[in-house]
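Just add 710 to wherever you are in the sequence shown, counting from 1, and you've got my numbering.
Even glycine gets a Cβ: it sits at the ideal position worked out from N, Cα and C.
Scroll down for the structure; my scribbles are underneath it.
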Amino acid sequence: MLISLLLIVLGIAVLWAGGEILVRSVTGLAAVLRVSPTVIGLTVVAFGTSAPELGVAIAAALRDSAGLVYGNVVGSNIANVGLILGISALVVPLHNHSEGAERQAIRLVRRELPFMLATSLLVLTFTAFGRLGRFEGVVLLALMAYFLIVLVRAGDAEPADPQGVSSLKSVLGTLVGLILLAVGAAGLLVPAAEELALALGVSEKVVGLTVVAFGTSVPELAACLVAAYRNHHGIVLGNIVGSNVFNILLVLPAAILIRPFETTFLAEGLDASVMLFFSLLMFLAVYLLRHGRSIGRTWGTLLVAAYGGYVAWLFSKL
711 MLISLLLIVL GIAVLWAGGE ILVRSVTGLA AVLRVSPTVI GLTVVAFGTS
761 APELGVAIAA ALRDSAGLVY GNVVGSNIAN VGLILGISAL VVPLHNHSEG
811 AERQAIRLVR RELPFMLATS LLVLTFTAFG RLGRFEGVVL LALMAYFLIV
861 LVRAGDAEPA DPQGVSSLKS VLGTLVGLIL LAVGAAGLLV PAAEELALAL
911 GVSEKVVGLT VVAFGTSVPE LAACLVAAYR NHHGIVLGNI VGSNVFNILL
961 VLPAAILIRP FETTFLAEGL DASVMLFFSL LMFLAVYLLR HGRSIGRTWG
1011 TLLVAAYGGY VAWLFSKL
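Put into structure tokens, the structure is as follows:
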């Protein structure tokens, strides 16, 4: 069991390093390609920080670990709101700047939040029907394509400045980041999590909803804390919303196209309901933010406490 714990810690560290390198590299590559920085923040950065979830989900699907796939996606989305937004608000209260890029980012996030709510509700609906199969995967991927088209068309900021950015360095960094993510997920985190679950008598889904979900959310946590310290509050919100959408519309379908699995409302629907609840909490917080309120330490305490209560509830059922 000790070896499994050490491998999980090592896997999380490798995933964090891979996600960090990937985010920086693809952002530089996007600048070379003259992509809007608003679109970069809500697509490239969101994808980069969701890449560990993608690596874990694919590795788990190949190993026929359906509980780990579902737990990783749903648990990461819950952690992104409850833990990451909560900690960010506790460290530096988020407020609505009235000028520049912050205002643009907040407006874009406001358009995305209803989409995030709709995709969370869709996953809940699919679980109620009893199966996450290839048809559902195709539907989710089609929505992913629609989401990207809407974002690109809505990107009204000036293109990023490619000056001083090395194309070769960006490409190599992207490859290194992807390799680290693959090693961290397939080689370390997933098999170690399975062994830990077996040793503790805990289901793969609970491990995915807690340990693996937190580990794969580390890149989002690092990016959000840095952004909060630098008062880039739109980036904090954009990263969380974008990552949650990517988890549902890219990570989950990528896994279920490889290995579909049966669901029940009691087994998977309750966790999807919790994910929808946290999405509603974020919608309310951002709605108040748009009307001059801040997402401060009261909100941070509420979100972290709600997340802690959810984790405690999970382990109370063991």
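Per-residue DSSP class, three states only, for residue i
| i | result |
| --- | --- |
| F971 | strand |
| R841 | strand |
| G728 | helix |
| S693 | Since the displayed the chain opens at 711 and closes at 1028, residue 693 lies outside it and no answer follows. |
| M711 | coil |
| V849 | helix |
| R940 | coil |
| A811 | Low confidence applies here, because A811 scores a pLDDT of 43, under 50, leaving its location unreliable; read the following figure in that light. Helix, per DSSP. |
| S876 | coil |
| S989 | helix |
| S953 | helix |
| S786 | helix |
| S927 | coil |
| S1026 | helix |
| G911 | coil |
Alpha carbon of residue i to alpha carbon of residue j, nearest angstrom
| i | j | result |
| --- | --- | --- |
| V912 | S877 | 46 Å |
| T884 | V893 | 14 Å |
| A938 | F757 | 19 Å |
| R940 | A995 | 20 Å |
| L898 | S786 | 18 Å |
| A1065 | E978 | Limits of the chain in this structure are 711 at one end and 1028 at the other, which puts residue 1065 out of reach. |
| L906 | L732 | 28 Å |
| W1009 | F956 | 25 Å |
| S735 | L882 | 8 Å |
| V860 | R821 | 10 Å |
| P901 | I713 | 11 Å |
| D838 | K1027 | Correcting the residue identity first, residue 838 is Ala in this sequence and not Asp. Each residue's alpha carbon lies about 21 Å from the other. |
| R1000 | G944 | 11 Å |
| G738 | L834 | 37 Å |
| V928 | N782 | 13 Å |
| L1012 | V784 | 20 Å |
| T753 | R773 | 29 Å |
| V886 | L931 | 21 Å |
| L858 | A761 | 16 Å |
| I768 | A923 | 14 Å |
| I722 | Y1017 | 20 Å |
| F825 | K879 | 35 Å |
| L716 | Y856 | 41 Å |
| V1014 | A771 | 30 Å |
| E868 | A895 | Interpretation of E868 is limited by its pLDDT of 49, a score under 50 that renders its predicted location unreliable; no figure is taken from the coordinates. |
| E730 | L764 | 15 Å |
| A903 | L910 | 10 Å |
| E846 | F836 | 7 Å |
| A933 | G918 | 22 Å |
| L998 | L990 | 12 Å |
| I950 | G728 | 19 Å |
| G1019 | L980 | 14 Å |
| L935 | V802 | 8 Å |
| F975 | G840 | 8 Å |
| V848 | Y780 | 17 Å |
| G948 | I968 | 29 Å |
| W726 | M711 | 23 Å |
Proximity below 7 Å, CB of residue i to CB of residue j
| i | j | result |
| --- | --- | --- |
| M854 | L960 | yes |
| L842 | I958 | no |
| L778 | E914 | yes |
| L827 | I1005 | no |
| L823 | F993 | yes |
| V766 | T920 | no |
| S953 | T759 | yes |
| V916 | L1024 | yes |
| P970 | R863 | no |
| V724 | L890 | yes |
| S798 | V1021 | no |
| L851 | P963 | yes |
| R1003 | L800 | no |
Residues sharing a beta bridge with residue i, DSSP
| i | result |
| --- | --- |
| I945 | In DSSP, I945 forms no bridge with anything. |
| I1005 | L804 |
Proximity test, Cβ basis, 7 Å: residue i and chain B
| i | result |
| --- | --- |
| L725 | Any reference to chain B falls outside this structure, which holds one protein chain only. |
The region 975-990 touching the region 781-795, judged by at least three CB pairs closer than 8 Å
The region 975-990 makes contact with the region 781-795, as at least three CB pairs between them are under 8 Å.
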